[in-house]
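Colleague:
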Amino acid sequence: MENRQNGVVLLTALKDTLKREKEALMANDSIAFDNIVTEKQDFLGRLEEASFEGCNRVAIEQEVLEIKELQECNLLLTKQAISFHDSILDALTDGMEKKSRTYSKKGQLSPSKNVGLFNQSV
């Protein structure tokens with residue numbers, strides 16, 4: 704009987720973890736987010752071992768639906784954060800494309816190769 708309870712309790716704990724993940728994403732708290740991702744990975748193994756036999760199917764479906772909605776919201780927040788960071792990097796790298804002109808060793812005015820803020824070579 705304890706395994707059956709553990710399944711529902713495990714779903715509730717996962718839901719609470721997803722709520723904390725949402726708060727960490729909204730607060731842009733990368734340390735908390737990293738810890739929560741580790742917790743979520745731990746849930747995968749634990750869910751495989753859990754038993755839901757004899758449990759209230761409606762309650763389980765409700766928990767799973769709430770977990771799905773939270774996960775979709777967190778995915779959207781993650782995509783939004785990545786998009787924001789990409790736009791910041793694009794804004795910073797746009798200034799790097801402007802080439803300045805410098806004097807060569809021979810005293811001639813010539814365009815420089817790269818005087819940007821970041822080194823873009825990979």
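Going left to right, the sequence shown walks through residues 704 to 825 as this note's numbering numbers them.
Quick reminder that beta carbons are idealized off the backbone N, C-alpha and C, glycines included.
In three-state DSSP terms, what is N738?
Modeller: Taking the first residue of the sequence shown as position 1, residue 738 is located at position 35. Three-state result, N738: helix.
Colleague: How many angstroms separate the CA atom of E766 from the CA atom of V740?
Modeller: Here residue 766 is taken as the residue at index 63 of the sequence shown, counted from 1. Here residue 740 is taken as the residue at index 37 of the sequence shown, counted from 1. Approximately 20 angstroms, taken between the alpha carbons.
Colleague: On the three-state DSSP scale, how would you describe A762?
Modeller: In the sequence shown, residue 762 corresponds to position 59, counting from 1. A762: helix per DSSP, three-state reduction.
Colleague: Beta carbon of I791, beta carbon of L714: below 8 angstroms?
Modeller: The residue labelled residue 791 in the question sits at position 88 within the sequence shown. The residue labelled residue 714 in the question sits at position 11 within the sequence shown. No, the Cβ-Cβ distance between I791 and L714 is not below 8 angstroms.
Colleague: Provide the residue span of the alpha helix (DSSP H) that contains K718, from first to last.
Modeller: The count along the sequence shown starts at 1 and reaches residue 718 at position 15. K718 -> alpha helix (DSSP H) spans E705 to A730.
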